[in-house]
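Accompanying notes for the structure given below.
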Ligand code: SRM
Ligand code: SRM
Ligand code: SRM
Ligand code: SRM
Ligand code: SF4
Ligand code: SF4
Ligand code: SF4
Ligand code: SF4
Ligand code: SF4
Ligand code: SF4
Ligand code: SF4
Ligand code: SF4
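In structure tokens, the structure reads:
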């Protein structure tokens, strides 16, 4: 372990952002007048002063080695005075003042395998999570599906041919770290078998009342197994949320045979035009099929392309579906509508069709 | 008791409607091509055959003596061959074939105190309930408020000057017999004090488990009062729905000091334009003030007239409010917005404002 | 007997005799002239107006022989003060479909009710019945038998199928997409036994409207709502449209811009409808009855679950069958209704309406139980929560998957 | 040591090295060249790809001295097979507001992480932290102290205030209605103690977006969402609008018809906005940045309760304060936030997010507790159910009201 002599600092907080702002931003901070998208992944912001700031945006795997970060730093040093930023969707942004450097930078990025794009009416990088690489509750991997899907959808990242922004997200379990619940298209890792109770371990490591309380559908009840306090799970009541496992390690829910993926559509966050919306279930289950998850990739690509072909300008996925209606969505995408699509949780009755307003 | 010799008939059902259809309807049944509103309360339906059926609609108190029914029958005999009908809102309709009889009939009706109107863009008769005249759970009277309010709003019944239909309803308790939950403006009798438990009577007349189960907010729990089984009511949990009283007579909830009225707005049933909507709370409480309920009448009239002045053609109350937004509704009507307007029942969180879409 | 005929002093109620709207107080007084029950109801009501409280005891089960419904029992809580309304039971009489009458039929009801009861009625109750408002227990049988002599029968009350009702439909409306009167008469007869004898967890209501205007508020007030609709394009009579335009309808603002699916265009001469997007709301047809009308293929949408708020909050009926042909003998409809009544009758809890039952068991499970396949028309949108019940899972054979 | 340096065979993962999107597998291999932890993670991940299951034990509480958060403990469930990732704890490092960096600062982090950990990172985690992905317990203190030497500190994990984040805002966006970076930096410093030491029932997240486009998804992912907005008319540069029209924007179809409040008019020359109806959705401004901009009086709307579905279903933040000025030192905001944290901290159940807490106690009661008056802007619509808690009632003095 690296020893350090200096006295121990705590609660210093993050570095002050001003230290990291390039001069042109310091100068024009809050004085930007407008922006223009120049080409895929490249935009200019024009300040009241007339100054122009060129942003080049590139995709990354988000999971980065220090070696690659250094490589990115080299580019920032070479093209924009050692300043750069990352976006809320894990893209890297280079901040240029000299328009002549745009092309060389873009070429350099491409050469090194960083796709330029993800801006304006495009698919941007996927908000995603840890998966098998670091999380204990993961029903699937995250990075692998993202890689497989983005390989297929890259043309929509590097171009501007979509009717509107398309936000993709993935989460490897129902905790939904990230943005699955409000994304245009989201992939969600799911468990499909109730937790197996480890009666040996449970009494030792878990508070039984907490475990019972942790279940939203009251599927867990206290019981005694040969003398020892434990819990039992009423399987018909379990919908595999995994919350009991989060609370108690003795209730493992991960299961290779049954874990899989579901696909959700039509969520959005921005207030532009339509109010924010939750994502809704499109495909209840697809197999967990590493290393390239062909079923998941094909299903998402199909949805994206049906939307891209049919939506009007500015129509996000959810706005498009609202216009054509869910019956047409299922018809056009060829996705079967099943019992599992019908809500049966807290607000179920409000999700049923309470009018005659549907297309014949 | 009137003895009857004939053998006892049962399950004969209602008379066949065809016996009661006037000849012109029999002839043109299902062959009507279009209709026109000729004047307030008078319309014509034109059949494919070219036949014309004139309908004259008049308001009634709904509570009718046999004497008055006979008087109405006299008119039907005199003007339309002894055929008449009533509407789903308790108006009476005279079905004429001879246009020359319209004016005399209208005059005759007026002379006898039956207002002609309630058609098209007007206020029609109020769907209402029993009240003190017959119901055991009534928090207020029904007929008295209807009479008082319609006296004030009659001009909107007998004219066509409203932007759209306006449907009024009243129910004398939360059972909401009628259409309160889906009306443009509705008046609802409310209790505001938890039931008083009659510990003497309760064990004798009620099943304690049923009583406990009857409470939607779990405000009732079993207890023993000097030895006897009974129930107690956790007052903070009681929202005065009266369901326990419906189930158990030993839990009287009617209370002169606390019963009152609330006013609801913006509901609709038809699918025309906007999907059906529930009514929403406008005024949480007004005093129960017979015989003319001035506070209630004034409050409803105010809402109606603000809407009438501000709404666009075809905009029902709820459609108008949706366009201007609830903040403007409360502003324009001058009704204070209170804690009680904020939902705190099953779907409460879905009724909160989950976006930035409101007028500044 | 003389001052018995004297009307009680009712200073409060008297204030409700004036004013332009017809007065129910006048009605009571009119009946009271030669009816002691009405005289007492007048006095009792005046007392309620003074004390601001009802003077009826809770419920009370009474009825006619062999029927479990059709009568609402009422007993006054101060019978000594108002002996003539010590009993004041209401009879619910099943109205003729569409509320059509001949004066002859109505007079017959008036005559018998004058003899057997208070002489007061409601035309009609909110469920649609003729309400004969108040009589004594001993009078029930006599009233009933005279009713049946005159071709009338009781409607529903309690845990039965309630009196079905429908809009005026084809009898006088150009928009009826099926014969609401014939249909309602047919099922009323089909379900006579269930209307008169409680056999269910709670009440069950049928209402039928001939089109989406829903003139009997079926979607809000019926457990099973049958609402007329169509398939195929809306026929447009362009000349008719122009005539409306001439006569002052602003086609763009009042019709086109109010179309919920925004599928209409108006170029000042021609109105075009892109029917594939029409959600059949009726608005454009309502606005221009002479020029537009429902499309060619007629039928109904069947919706389920509508009710008032007690207990889980009000429910609007939701789509069960997007489109059903409605031709006699309504075999498909009756099979569906019977299946629903079976399942709910079996598994519904006491005082649980079918809408609440479906909420409890889940619409998906309910569909399975009644043998319908899920369709996207049944939902406003698919689930937003990830709490999906996957009904089966694999058990591993001994494997090192978990190793 | 030689074959220790040998990378494990990873046929499955190798398939993810090809293709146009940058490969995380290449990243792991790159780090693995001279890092045993990364080598083992590579092998372990290949095993997960083969067995379709994660190989981590449940949780594990580890951390740095004096902090209760900032480290996610992880232990491999087959440590004997993969000794170098027997521990594989993650450090969450609080990112600089707006995710701006100098290469110098980033390189410093790289250097220390190469020495202390796997050499793998996430830029960034979904909450916004710099994720230092995996190291041994003994390395935590050293990593931490070098981080602080370099001016960095840990972010949040567990039942603390989580690392606040914000959009790029005024640094590079013309639409920022307040200084998101300054604000987020300010509250991050203000809440240092609560970010590092668990003192609440559960996690609590702040996210700030400069306008209604909400570029950090604050409304969906933050317990307290601060979203910029304005009051007063949208300034319109008509020349600018015409220019967009010339350059091919269909002002009517793409802007006017997409305005949710339909408050715009375009006559082909002039665009007029009836600002009293504008709901400030940003769309028209988004579509024509050169011609339109947010109105004069700037501030933010404060919304509360956003979160993912566990446990009661996902919640979108809802309006708490329709409009608040956002000027340093943000006194009004901090007073509100502190009050919220007090009430929830006191009365919230274990693992109950503030949004779930408000659902349980009721928004009206919550407003009372934090001292805000109810406003119609807080609701999409008033209640539809009649279940109103009238909080007090009269008791009668002896009277015959009930007689
Ligand atoms: C850089 C970034 C903020 C940051 O601090 O990192 C950002 C930057 C901009 N956003 Fe954003 N948005 C960023 C994440 C978001 C998010 C959050 C997310 O995706 O998770 C949203 C909400 C998405 C949603 O609704 O689900 C978002 C919704 C918008 C919108 C509204 C789009 C819509 O029509 O719904 C606009 C307006 C527009 O694009 O015209 C916008 C516009 C912009 C503008 C044009 C603002 C400006 O004038 O500079 C910026 C660049 C254009 C562009 O297309 O990226 N930004 N923007 C984020 C880039 C993420 C990325 O790498 O792709
Ligand atoms: C007679 C009656 C049916 C019956 O069997 O009794 C009836 C008859 C007609 N209705 Fe209705 N409606 C009748 C109750 C209803 C109800 C139910 C209710 O009010 O409880 C509704 C739903 C109300 C709601 O949405 O809350 C209803 C919603 C409509 C609509 C849709 C109005 C709208 O814009 O929302 C139309 C279309 C129109 O008026 O243009 C309509 C149209 C009509 C037409 C024009 C249909 C026709 O072509 O004949 C009929 C006469 C016009 C008129 O204004 O009354 N009728 N109509 C009912 C008369 C009640 C009364 O005495 O006032
Ligand atoms: C007479 C009538 C009101 C009126 O003046 O028109 C009426 C009167 C009563 N209703 Fe009703 N309901 C009447 C139509 C309705 C309607 C409207 C409808 O049927 O279209 C509803 C709302 C729709 C629905 O069914 O949900 C209605 C919803 C209720 C409820 C709440 C049921 C629920 O599930 O929410 C109750 C409570 C109960 O059933 O115990 C109730 C109970 C009652 C009782 C029996 C009181 C009780 O708790 O026992 C009332 C007897 C009053 C009396 O003394 O005569 N009444 N009741 C209506 C029946 C007349 C008729 O047969 O034509
Ligand atoms: C690392 C990260 C995912 C990522 O790869 O980016 C993450 C990882 C975990 N999250 Fe998360 N969450 C992460 C952002 C989120 C977000 C998104 C956000 O913050 O904007 C959410 C949704 C928003 C929200 O807070 O609701 C999120 C909602 C959850 C939940 C569900 C909480 C809830 O109330 O619904 C859990 C479950 C829990 O807290 O026990 C959870 C729990 C976890 C745990 C600690 C697993 C557990 O049960 O203990 C994961 C540790 C993984 C690991 O081994 O490192 N994580 N988690 C994100 C944090 C990185 C960072 O600090 O920047
Ligand atoms: S989504 Fe689930 S599995 Fe994935 S990182 Fe979050 S908690 Fe772990
Ligand atoms: S997984 Fe979820 S639903 Fe199933 S038992 Fe555990 S907590 Fe309950
Ligand atoms: S609304 Fe209530 S009080 Fe009025 S009639 Fe119906 S049940 Fe009786
Ligand atoms: S009135 Fe309603 S809420 Fe109150 S105790 Fe009775 S059932 Fe419960
Ligand atoms: S519901 Fe339709 S068909 Fe029936 S009367 Fe009303 S408008 Fe005519
Ligand atoms: S019926 Fe309704 S949806 Fe169909 S075209 Fe007419 S207005 Fe539009
Ligand atoms: S949220 Fe608004 S201010 Fe912030 S970056 Fe996005 S568009 Fe700009
Ligand atoms: S900001 Fe949105 S609501 Fe306001 S005018 Fe522009 S588009 Fe319309």
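Protein chains in written order, with this note's numbering: chain B, 1 to 360; chain C, 1001 to 1360; chain P, 2001 to 2403; chain W, 3001 to 3403.
For each residue, glycine too, the CB sits at the ideal point set by N, CA and C.
I need the DSSP call for residue 3038 (chain W), collapsed to helix, strand or coil.
Collapsing the DSSP output to three states places residue 3038 (chain W) in a helix.
Suppose contacts are defined by Cβ-Cβ distances below 8 Å. Is residue 2043 (chain P) in contact with residue 2100 (chain P) by that definition?
Taking C-beta atoms as the reference points, residue 2043 (chain P) and residue 2100 (chain P) fail to come closer than 8 Å.
Assuming residue 2194 (chain P) and residue 2161 (chain P) are in contact, meaning their beta carbons sit under 8 Å apart, how far apart are those beta carbons, in whole angstroms?
4 Å
Of the residues that make up the segment 3296-3318 of chain W, which ones have a beta carbon closer than 8 Å to any beta carbon in chain P?
3309, 3313 and 3314
Under 8 Å between C-beta atoms, does residue 13 (chain B) make it to chain W?
yes
How would you list, in chain order, the residues of chain W whose beta-carbon sits under 9 Å from the beta-carbon of residue 2384 (chain P)?
3309, 3313 and 3314
Which word fits residue 1048 (chain C), buried or exposed, when buried means at least 16 other C-beta atoms lie within 10 angstroms of its C-beta?
exposed
Please go through the same chain and pick out, in chain order, the residues whose beta-carbon is closer than 8 Å to the beta-carbon of residue 2332 (chain P), but skip the five residues on each side of it.
2324 and 2325
Counting only runs that start and end within the segment 196-253 of chain B, where is the alpha helix (DSSP H) found for 4 or more residues in a row?
202-205, 208-213 and 243-247
Using the Cα positions of residue 335 (chain B) and residue 2260 (chain P), report the straight-line distance between them to the nearest angstrom.
Approximately 26 Å between the Cα atoms of the pair.
Please list the partners that residue 130 (chain B) has in chain P, where partner means a Cβ-to-Cβ separation under 8 Å.
Within chain P, no residue comes near residue 130 (chain B); the closest Cβ sits about 18 Å away, beyond 8 Å.
Residue range of the unbroken alpha helix (DSSP H) whose run includes residue 3204 (chain W)
Looking at the DSSP string, residue 3204 (chain W) is not in any alpha helix (DSSP H), and its letter there is neither H nor E.
Return the bridge partner residues of residue 2071 (chain P) from the DSSP annotation.
P:2091
If we call anything under 8 Å between Cβ atoms a contact, is residue 3041 (chain W) one with residue 3118 (chain W)?
yes
Does the separation of the CB atoms of residue 1337 (chain C) and residue 3386 (chain W) fall below 8 Å?
Contact annotation: residue 1337 (chain C) and residue 3386 (chain W) have beta-carbon atoms that are not nearer than 8 Å.
Nearest-angstrom Cα distance between residue 170 (chain B) and residue 193 (chain B)?
21 Å
Helix, strand or coil, according to DSSP, for residue 2218 (chain P) in the structure here?
helix
For ligand 9, any of its heavy atoms closer than 7 Å to the Cβ of residue 2098 (chain P)?
No, Cβ of residue 2098 (chain P) sits at least 7 Å from all heavy atoms of ligand 9.
With a 10 Å radius around its C-beta and 16 neighbouring C-beta atoms as the bar for buried, classify residue 1058 (chain C) as buried or exposed.
Buried.
What three-state label does DSSP hand residue 2079 (chain P) in the structure shown?
coil
Which first and last residues belong to the beta strand (DSSP E) in which residue 2385 (chain P) is found?
Note, residue 2385 (chain P): premise wrong, no beta strand (DSSP E); not H, not E.
Closest Cβ-Cβ distance between residue 1245 (chain C) and chain W: below 8 Å?
no
Identify, in the order they occur along the chain, each residue of the same chain with its Cβ nearer than 6 Å to the Cβ of residue 2264 (chain P), setting aside the five sequence neighbours on each side.
Its chain contains 2256 and 2273 as the residues whose beta carbon lies nearer than 6 Å to that of residue 2264 (chain P), once the 5 sequence neighbours on both sides are disregarded; these appear in chain order.
Measuring only from the beta carbon, is residue 2260 (chain P) closer than 7 Å to any heavy atom that is part of ligand 8?
no
Return the residues of the segment 2224-2251 of chain P that lie within a Cβ-Cβ distance of less than 7 Å from chain B, sorted by chain order.
2227, 2229 and 2231
Kindly list, in the order they appear in chain C, the residues whose Cβ is closer than 7 Å to that of residue 2094 (chain P).
Under the 7 Å cutoff, chain C gives 1013 and 1014.
Does the separation of the CB atoms of residue 159 (chain B) and residue 107 (chain B) fall below 8 Å?
no
Local conformation of residue 2279 (chain P) per DSSP, three classes
coil
Per DSSP, the bridge partner or partners of residue 3166 (chain W):
Partner(s): W:3208.
Residue 19 (chain B) to residue 3128 (chain W) span [Cα, whole Å]
19 Å
Looking only at its own chain, which residues have a Cβ that is under 6 Å from the Cβ of residue 2402 (chain P), when we skip the five neighbours before and after it?
Confidence at residue 2402 (chain P) is low in this model, with a pLDDT of 42, below 50, so the placement of that residue is unreliable and no value is reported for it.
At the 8 Å Cβ level, is residue 2009 (chain P) part of the contact set with chain C, yes or no?
no
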